[in-house]
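Asker:
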Amino acid sequence: AQTVTQSQPEMSVQEAETVTLSCTYDTSENNYYLFWYKQPPSRQMILVIRQEAYKQQNATENRFSVNFQKAAKSFSLKISDSQLGDTAMYFCAFTSGGSNYKLTFGKGTLLTVNP
Amino acid sequence: ETGVTQTPRHLVMGMTNKKSLKCEQHLGHNAMYWYKQSAKKPLELMFVYNFKEQTENNSVPSRFSPECPNSSHLFLHLHTLQPEDSALYLCASSQDTGRGGEKLFFGSGTQLSVL
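If you're matching them up, the sequences are chains A and B in order. When the letters of the first sequence are read in order and numbered with the numbering used here, they come out as residues 1 to 115. When the letters of the second sequence are read in order and numbered with the numbering used here, they come out as residues 1 to 115.
#1: Along chain A, in chain order, which residues have C-beta atoms closer than 9 Å to that of Thr7(B)?
#2: For Thr24(A), is the beta carbon positioned less than 7 Å from some heavy atom of the ligand FMN?
#3: With 8 Å as the threshold, decide whether the Cβ of Leu21(B) is near any Cβ in chain A.
#4: Could you list which residues in chain B have their beta carbon closer than 7 Å to that of Gly85(A), in chain order?
#5: Please compile the residues from chain A whose C-beta is within a distance smaller than 7 Å of the C-beta of Pro42(B).
#6: Is the Cβ of Tyr33(A) closer than 8 Å to any Cβ of chain B?
#7: Taking Met45(A) as the query, report the chain B residues whose CB atoms sit under 7 Å from its CB, ordered along the chain.
#8: Among the candidates Glu52(A), Ala1(A), Gln39(A), whose CA atom is the shortest distance from the CA of Gln69(A)?
#9: Tell me which same chain residues have a C-beta within less than 8 Å of the C-beta of Thr112(A), skipping the five on either side of it?
#10: From Thr16(B) to Glu84(B), what distance separates their C-alpha atoms?
#11: Going by beta carbon distance, what residues of the same chain come within less than 8 Å of Ile46(A), once the five residues before and after it are set aside?
#12: Quick test of the definition: if touching needs 3 or more C-beta pairs under 8 Å, does the region 24-39 of chain B touch the region 74-91 of chain B?
#13: Taking one C-beta from the region 8-28 of chain B and one from the region 71-80 of chain B each time, how about it: are there three or more such pairs within less than 8 Å?
#14: Classify Ser113(B): buried if its beta carbon has 16 or more other beta carbons within 10 angstroms, exposed otherwise.
#15: Could you round the C-beta distance between Leu77(A) and Tyr90(A) to whole angstroms and report it? I think they count as a contact, below 8 Å.
#16: With respect to the beta strand (DSSP E) encompassing Gln54(B), which residues constitute its N-terminal and C-terminal limits?
#17: Can you find a CB in chain A that lies within less than 8 Å of the CB of Lys103(B)?
#18: For Arg50(A), report the span of its beta strand (DSSP E) as first-last.
#19: Residues of chain A with a CB under 7 Å from the CB of Gly109(B): which are they?
#20: Residues in the same chain with beta-carbon distance under 6 Å from Gly97(A), minus the five sequence neighbours each way, listed in chain order, please.
#21: Identify the contact partners of Glu52(A) in chain B, using a Cβ-Cβ distance below 8 Å as the criterion.
#22: Using a Cβ-Cβ distance under 8 Å, would Thr60(A) count as near chain B?
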C-alpha cells in the first residue's frame with residue numbers, strides 16, 4: 001500500500017520569503033503521479049501542482065515549484081515570494097498511474113505567512 | 001471557485017436524524033467522489049461514481065448512503081450517525097476515472113457535527 005508522509009505539521013514564513021514543505025512517499029510502482037493541494041480557511045481544496053513520475057523535469061506553476069527526487073521518494077514544494085494568501089493547509093498526495101481516483105493524502109502541513 | 005458546489009455549508013444533526021448532503025458540479029465531468037476529512041487524519045475516500053455508476057465503496061458504514069442521479073449531481077444521505085462521524089465532508093469531480101493522474105476539483109465541503 002502507498003503511504004504519504006508530511007513530517008512538518010506546522011510551518012511559518014515571512015511575507016516575500018521562500019519556504020519549502022516536505023513530503024515523502026512509499027510505493028513499489030514505477031508509474032504514478034504526485035500532487036500538492038492547498039486548503040485555505042475557505043476549506044476548498046485547490047490543486048497547486050502536479051508531477052508525473054516518468055518526467056525528470058520538476059513541475060513549476062508560477063511561484064510554486066517542486067523538487068522531485070524519485071530515487072529518494074521525496075516530493076517537496078517550494079513557495080517563492082510568499083504572500084499572505086498562501087496561508088493554508090498544504091496536502092501532498094499520490095495516485096497510481098492506472099487509477100486516478102485512489103488518491104492517498106498526507107496529513108498536511110499548516111503554513112502561516114506572516115506580514 | 002472550482003465549479004463544484006456543496007450544500008449545506010454547515011450541518012448539525014442528532015443521532016436519530018436523517019439529512020442529506022448535496023454536491024453539484026458545473027464542469028462537465030463524468031466522475032464524482034465523496035471524501036471525509038477528520039481532524040489530524042488524512043483525507044479518506046468514501047465513494048466514487050463514474051458515469052452515474054458506483055465504482056468504489058471504501059468500506060463505508062451503511063449509515064452513509066450515496067446517490068448519483070446524473071453525472072452532475074451527487075448526494076450523501078445520512079441516518080443514525082454517531083458522534084465520531086463529525087467531520088468535513090468534501091465532494092470532488094474529475095473528467096473520469098480511467099486515466100491516471102487526473103486532477104480533482106473539490107467543493108468547499110459540509111462541516112458536519114453529530115450531537
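Every residue, glycine too, gets a C-beta built ideally from N, C-alpha and C. Predicted, not measured: the structure shown is a model, and the values here were computed from it.
Answerer: Based on what the coordinates show:
#1: None at all; the shortest Cβ gap to chain A is about 13 Å.
#2: Looking for the ligand FMN in the displayed structure turns up nothing, as the structure carries no ligands at all.
#3: no
#4: Under the 7 Å cutoff, chain B gives no residues; its nearest Cβ is about 15 Å from Gly85(A).
#5: Phe105, Gly106, Lys107
#6: yes
#7: Leu90, Phe106
#8: Glu52(A)
#9: Glu10, Met11, Ser12, Val13, Thr87
#10: 14 Å
#11: Tyr37, Lys38, Gln39, Pro40
#12: yes
#13: yes
#14: exposed
#15: 7 Å
#16: 53-57
#17: yes
#18: 46-52
#19: Arg43
#20: Asn31, Tyr32
#21: Gly101
#22: no
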